[in-house]
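Quick note, the sequence shown lines up with residues 367 to 512 if you use this note's numbering.
Using N, Cα and C, we set each Cβ at its ideal position, and we do this for glycine too.
For clarity, every value in this text was computed on a predicted model and none was experimentally measured.
Quick notes on the structure that follows.
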Amino acid sequence: GTAIKNEDLKQSFVYNGRLIIITNKKIQNIQDDNATLARLRLDPVMDRVQYVKAGLPSNEWKMEALKMFYEGYTPKGEKKPHDRYEIRCLKSVPKDVQKEIMMFVEKNKDRFSLLSFRTIYKIVSLWEQQPQRWERMAERSLFSQH
């Protein structure tokens, strides 16, 4: 305020740039009558931007990515799989259980409310807690309820 006036500087400007917002939150483009505070803040922004959903387009693609990391991906120009391309949470699990978990995930890929590396992490946690009941616990806690 006062310091700007004393220096006779402009108090406004025209912004001619672009802005990219990257988020892992799903942004709903649906207008509804229930105006929440978040909705009231977000609607004016969404009205002014081009929205492009990034990420893998379907659970089929997500499953292929998960299998690629499970099987060990070898980057171009390298001779062996790089340890960066692995599902680390499976390291503590016996090989037969790893295979069981991956088969369970693939068989049920469309039933999960969310399919990601975290899904496998959650399943591994369930197996560590209840090795005999992890599948039933995963069905109850990780599957979409609709």
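Asked	Found
Which word fits leucine 403, buried or exposed, when buried means at least 16 other C-beta atoms lie within 10 angstroms of its C-beta?	exposed
With H, G and I counted as helix, E and B as strand and the rest as coil, what does DSSP make of phenylalanine 509?	strand
Going by DSSP in three states, histidine 483 sits in which element: helix, strand or coil?	In the sequence as displayed, the identity of residue 483 is phenylalanine instead of histidine. Correct three-state label for phenylalanine 483: helix.
Is DSSP giving phenylalanine 435 helix, strand or coil here?	helix
Distance, Cα to Cα, valine 418 vs threonine 389?	11 Å
What are the residues that DSSP puts in a beta bridge with phenylalanine 478?	Phe509
Taking the alpha-carbon positions, what's the isoleucine 467 to glutamate 444 distance?	28 Å
State the CB to CB distance for the pair leucine 456 and serine 479, rounded to an integer number of angstroms; the pair is presumed to be in contact (CB under 8 Å).	With 8 Å as the limit, leucine 456 and serine 479 do not qualify as a contact, their Cβ atoms being about 21 Å apart.
Are the CB atoms of arginine 477 and serine 424 nearer to each other than 8 Å?	no
Go ahead and pull the three-state DSSP assignment for aspartate 567.	Missing from the structure shown is residue 567; the chain here goes from 367 to 512 and no further.
Can you check which of these residues, Leu375, Gln464, Ile387 and Val471, is closest to glutamate 494 by C-alpha distance?	Gln464
Anyone know if the C-beta pair for isoleucine 453 and isoleucine 486 falls short of 8 Å?	yes
Is it right to say alanine 504 is buried, meaning 16 or more other beta carbons lie within 10 angstroms of its own, or is it exposed?	buried
Which stretch, first to last residue, makes up the alpha helix (DSSP H) that contains valine 418?	Per DSSP, valine 418 belongs to no alpha helix (DSSP H) and is neither H nor E.
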